[in-house]
Amino acid sequence: MKPDEIKALSADEAKQKLVELKAAYFNLRFRHETGQLDNTSMLEKTKKDIARVKTVLSAYNR
Numbered sequence: 000m001k002p003d004e005i006k007a008l009s010a011d012e013a014k015q016k017l018v019e020l021k022a023a024y025f026n027l028r029f030r031h032e033t034g035q036l037d038n039t040s041m042l043e044k045t046k047k048d049i050a051r052v053k054t055v056l057s058a059y060n061r
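Be aware that the sequence shown starts at 0, since it is given in numbering that gives the first Met the number 0, and climbs by one per residue.
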């Protein structure tokens, strides 16, 4: 996701997106460990998306 897309989300939508991204990251890690993941860059991209959403959520909490 692009930062502008994440900033456009409401607080509830951002929390939901965070849950979805964490689940996706877990699945990617599992697939990587079992040797089923071809595109390992998805791990890094998903991890960065999680950090972006967390940053936006912390701004809402201020």
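We treat Cβ as the ideally placed atom computed from N, Cα and C, and that holds for glycine.
message: If distances are taken between C-alpha atoms only, which option among 60, 52, 57, 59 comes closest to residue 16?
response: 52
message: Quick check on the burial criterion: 16 or more other C-beta atoms within 10 angstroms. Buried or exposed for residue 11?
response: exposed
field: Alpha-carbon spacing of residue 6 relative to residue 40, whole angstroms
entry: 23 Å
task: From the DSSP output, in three-state form, read off residue 1 for me.
output: coil
- request: Identify, in the order they occur along the chain, each residue of the same chain with its Cβ nearer than 6 Å to the Cβ of residue 48, setting aside the five sequence neighbours on each side.
  value: 0, 20
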